[in-house]
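Below: one structure, written as structure tokens.
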DNA sequence: ATGGCCAATTTTATTGGA
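Numbering (the working numbering), first residue to last: 423 to 681.
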């Protein structure tokens, strides 16, 4: 089973490219977690995904944020509200249960430099998400697929010196995500590719993608016995290295499980 | 690849993204 995470930066602007990408891969993705769909539920292009064989669970909002999970199998259960103020005030989280596994599409706050409102909001959001996850049953199979807006280590940025103490590389941001990882999660890409510098996001400006000046901030984490079932992990550069249609600034990350 | 960031809205500027 292949699970993918893709921050599309507007599903309306990206629909054509996402469809092209899925078809190019012969629709080998079983579960596609989307972030930054930037639209309300009613405006999500359900039908376009249906014609490719996917059913979509959506938690959207106007203009900003918004997440979805499109899967070949209809989920047994969908959660859109998490009964925590920090996790519900913006649409950054949706969870579906497929084959007894809880799969989350995650869009962590971007944040800001130290001292700014959005810096503190990111910290509060991570605390709330960690606390929420700690309340889940220990043995539960969980996959977290999304844009976490943190580069875990210096290996995950193109220039650690230049990018030291910037958004996504600050120690406290890394600790916030590491806290979650340390709850028993495995970084699927790093598990398979121990030393490879590969990125999932590149700035639109300056032709960053062509110079490979990027960061790895999109992840698929898994816990429970899923960690022993990771078969392959991949970052697919194809959708990012298009000129037309205009790509997202992110590219999809994929993990394959022996399930 | 041969450039000079992109998307949505509050729209001809501003905000957010990272």
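Every residue gets a Cβ at the ideal spot worked out from N, C-alpha and C, and that includes glycine. The structure presented is a predicted model; accordingly, all values stated were derived computationally and were not measured.
Per DSSP, residue 519 is one residue of the beta strand (DSSP E) stretching across 515-520. Contact between residue 482 and residue 513 is confirmed by a C-beta separation of about 6 Å, below the 8 Å threshold. The DSSP-derived three-state label of residue 647 is helix. By alpha-carbon distance to residue 614, the top candidate from 540, 571, 637, 678 is 678.
Below 8 Å, enough C-beta pairs join the segment 591-601 and the segment 569-581 to call them touching: three or more. If you look at residue 654, you'll find it isn't in any alpha helix (DSSP H); it sits in the beta strand (DSSP E) that goes 652-657. For residue 545, there is no enclosing beta strand (DSSP E); the enclosing alpha helix (DSSP H) covers residues 539-556.
Scanning the segment 576-663 from its first residue to its last, the whole alpha helix (DSSP H) runs of 4-plus residues come out as 593-603, 610-614, 630-633. By the C-beta criterion, the segment 526-533 is judged to be in contact with the segment 446-464, since at least 3 inter-stretch pairs fall below 8 Å.
Between residue 680 and residue 651, the C-beta gap is smaller than 7 Å, which places the two residues in contact. The C-alpha of residue 583 lies about 19 Å from the C-alpha of residue 622. Classified as buried, residue 497 has 16 or more neighbouring CB atoms from the shown chains inside 10 Å of its CB. Just so you know, the alpha carbons of residue 630 and residue 662 end up roughly 11 Å apart. Around the beta-carbon of residue 535, fewer than 16 other beta-carbon atoms lie within 10 Å, marking it exposed. No Cβ-Cβ contact shorter than 7 Å links residue 462 with residue 479. The alpha-carbon of residue 423 is positioned some 6 Å away from that of residue 452. The beta carbons of residue 590 and residue 523 sit no closer together than 7 Å. Pairing residue 563 with residue 646 gives a Cβ-Cβ distance under 7 Å. Proximity to residue 464 across 475, 668, 488 peaks at 488, based on C-alpha coordinates.
With distances taken between CA atoms, residue 616 lies nearest to 578 out of 578, 434, 588. Straight-line spacing of the CA atoms in residue 666 and residue 541 works out to 34 Å. By the CB criterion at 7 Å, residue 501 and residue 517 fall inside the cutoff. Looking at the backbone, the Cα of residue 508 and that of residue 546 are separated by about 7 Å. Under the three-state reduction of DSSP, residue 433 is assigned to helix. DSSP lists 489 as the bridge partner or partners of residue 481.
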